[in-house]
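**Q**
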DNA sequence: CCTAAATTTAACCAAGTAGTTAAACTTTCT
DNA sequence: AGAAAGTTTAACTACTTGGTTAAATTTAGG
């Protein structure tokens, strides 16, 4: 009971995550989660009493996995341009492997902003202050064009995340196959960072 | 019956749009749409037989409103940098006034890509070829850094749209009030274009 | 005024869904 | 072996939701 303890509970969480990401909170069915986990509905409720509690766990898990990665990078003492390169690379790699995650998070955060607020903000906001000071310093030294750190951060996030949210639009609009899209995202890993750096370098 | 003919049908469509944008397709209730339109469910079904047909209309309407605006700008013979300035300004203005639209469209397009494909692609893709050639020409003339036109287009879309999708995250992460956020978006109207231009200008 | 369309009322159906329950069976630990 | 936890089965509830129906009422046009 201890070697495989991870089994059922983890199985359910994985199944739940998959279903929630694919169908969204409202569209997800407890029955489907049970089916995918290879168990039955009764057991599902036996482990996680309600859909609400289960979904709350999944959301926390999802946000808790992606956010610290970015913050960890922003929090280092790295030189600004290198930091931009690293954060783009880190984020892009992660999102490539979890391409449904951004849409799910964006959705739930929009549906219920306070939840995100409570879960994350207090701990993580401070990290951004460091980045902010770093940018302001670089501006003061004339190393980069004057830019509001908030805007710069928004720009980096936008360039990294959006293509995955708009994947179908982009694929269809630009006529890219799945392979093509993957290749473009591969290019972006270096392109985006250099794009940003050219945009701000004095 | 002719002066006010727009009345009920339009009322329903407006109510439906509002509810769909707020709750998403799965989360929207026919009853709530009826309530907001100030009518009853029976009449709602009397006008639009099913939820599916109604939602299809709303989606077409939403996409049909936002897409042509961008394409129209991309299709002009304007000089590249000016075109970037104009497309950013046009898009940002529109999205500011319809801030729920991007999330809705992104969602439905991800949920059902073929629908978007059938609705839009055939007519609109050609416009992008013009932009593509224009960028390639500018690269060839050495006026701008070498960049894949697809990547450039993705970057512009990302920078314009993403902040509205991630509004709650950004607000919370950067500690912005609604007023602050609005002001930042106002800044972006000029900032984003110049950001992109600096990034590509040779 | 008369008719047809628009609209309401209210009850209803069928399907789906979250969640419960109780009994039986199985596995695991001691 | 025996108890406890894990798991299944299957039926059931309470509720929501999309959609229907039929009759009554209101509105507008010819």
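Residue numbers (my numbering), protein chains in the order written: chain A, 27 to 228; chain B, 27 to 228.
For every residue, glycine included, the Cβ atom is placed at its ideal position computed from N, Cα and C.
If you're wondering where the values come from, they're calculated on a predicted model, not measured in any experiment.
1) Using DSSP with H/G/I as helix, E/B as strand and the rest coil, what is residue 89 of chain A?
2) Put residue 65 of chain B into one of helix, strand or coil per three-state DSSP.
3) Is it true that the CB of residue 226 of chain A sits closer than 8 Å to the CB of residue 185 of chain A?
4) Does any residue of chain B have a CB that is nearer than 8 Å to the CB of residue 31 of chain A?
5) By the three-class DSSP mapping on this structure, what secondary structure does residue 170 of chain B have?
6) According to DSSP, which residues form a beta bridge with residue 227 of chain B?
7) Can you find at least 3 beta carbon pairs, one from the region 204-218 of chain A and one from the region 191-199 of chain B, that sit closer than 8 Å?
8) With a CB to CB cut of under 8 Å and the five nearest residues on each side skipped, what residues in its chain are close to residue 51 of chain A?
9) Is it true that the CB of residue 228 of chain A sits closer than 8 Å to the CB of residue 159 of chain A?
10) Do you know how far the Cα of residue 127 of chain B is from the Cα of residue 28 of chain A?
11) Counting C-beta neighbours from all protein chains within 10 Å, is the total for residue 111 of chain B 16 or more, i.e. buried, or is it exposed?
12) Using a Cβ-Cβ cut-off of less than 8 Å, give me the residues of the region 159-181 of chain A that come near chain B, in sequence order.
13) Run through chain B and tell me which residues come within less than 7 Å of residue 42 of chain A, C-beta to C-beta.
14) Within the same chain, show all residues whose beta-carbon is closer than 7 Å to that of residue 101 of chain A, passing over the 5 residues directly before and after it, in chain order.
15) Of all Cβ atoms in chain A, is any one closer than 8 Å to the Cβ of residue 214 of chain B?
16) For the 8 Å Cβ check, are there 3 or more pairs between the region 33-48 of chain B and the region 59-67 of chain B?
17) Taking residue 45 of chain A as the query, report the chain B residues whose CB atoms sit under 8 Å from its CB, ordered along the chain.
18) My guess is that residue 182 of chain B and residue 113 of chain B are in contact by the Cβ rule of under 8 Å, so how many angstroms apart are they, rounded?
19) Grouping DSSP H, G and I as helix and E and B as strand, with all else coil, what is residue 124 of chain A?
20) Taking beta-carbon pairs under 7 Å, can you tell me which members of the region 88-101 of chain B lie near chain A?
21) For residue 201 of chain B and residue 118 of chain B, what's the separation of their Cα atoms in angstroms?
22) In this structure, how does DSSP classify residue 155 of chain B when only helix, strand and coil are distinguished?
23) Which residue marks the beginning of the alpha helix (DSSP H) containing residue 184 of chain B, and which one marks its end?
24) Expressed to the nearest angstrom, what Euclidean distance is found between the alpha-carbon atoms of residue 106 of chain B and residue 161 of chain B?
25) Go ahead and pull the three-state DSSP assignment for residue 104 of chain A.
26) Shorter than 8 Å from the beta carbon of residue 205 of chain A to some beta carbon of chain B?
27) In angstroms, rounded to a whole number, what distance separates the CA positions of residue 86 of chain B and residue 42 of chain A?
28) Going by beta carbon distance, what residues of the same chain come within less than 8 Å of residue 73 of chain B, once the five residues before and after it are set aside?
29) Could you tell me how far apart the beta carbons of residue 89 of chain A and residue 142 of chain A are, in whole angstroms, since I believe they sit closer than 8 Å?
30) Give me the chain B residues within the contact set of residue 210 of chain A, using Cβ-Cβ distance strictly less than 9 Å, ordered along the chain.
31) Would the C-beta of residue 136 of chain B count as close to the ligand MG, meaning under 7 Å from any of its heavy atoms?
32) List the residues of chain A whose Cβ lies closer than 9 Å to the Cβ of residue 19 of chain B, in chain order.
33) What's the call for residue 69 of chain A, buried or exposed, on a 16-neighbour Cβ count within 10 Å?
34) According to DSSP, simplified to helix, strand and coil, what is residue 29 of chain B?
35) DSSP three-state label for residue 52 of chain B, please.
36) Using a threshold of 8 Å, state whether the C-beta atoms of residue 180 of chain A and residue 196 of chain B are closer than that.
**A** So, to answer that:
1) helix
2) coil
3) no
4) Residue placement at residue 31 of chain A is flagged as unreliable, the pLDDT there being 49, under the threshold of 50; a coordinate-derived value is accordingly withheld.
5) If DSSP states are grouped into helix, strand and coil, residue 170 of chain B belongs with the strands.
6) B/170
7) no
8) 81, 133, 134 and 137
9) no
10) At residue 28 of chain A the pLDDT is 35, less than 50, meaning the model places this residue with poor confidence; the figure from the coordinates comes in the next sentence. When the Cα atoms are used, residue 28 of chain A and residue 127 of chain B turn out to be separated by approximately 49 Å.
11) buried
12) 171, 173, 174, 176, 177, 179, 180 and 181
13) Here the premise fails: no neighbours, minimum Cβ distance about 17 Å.
14) 153 and 156
15) yes
16) The answer is yes - the region 59-67 of chain B touches the region 33-48 of chain B, with three or more Cβ pairs under 8 Å.
17) Those do not exist, as residue 45 of chain A stays about 13 Å from chain B at its closest Cβ, beyond 8 Å.
18) Yes, they are in contact, since the Cβ atoms of residue 182 of chain B and residue 113 of chain B sit about 7 Å apart, within 8 Å.
19) Residue state, collapsed to three classes: coil.
20) none
21) 22 Å
22) helix
23) 175-191
24) 7 Å
25) coil
26) no
27) 31 Å
28) 34, 35 and 38
29) 7 Å
30) Result: 174, 176, 177 and 180.
31) Ligands in the displayed structure: none, and consequently the ligand MG is not present.
32) Chain B is shown only over 27 to 228; residue 19 of chain B falls outside these bounds and no answer can be derived.
33) exposed
34) Because residue 29 of chain B carries a pLDDT of 38, less than 50, the predicted location of this residue cannot be relied on, and the following value inherits that uncertainty. Three-state result, residue 29 of chain B: coil.
35) helix
36) yes
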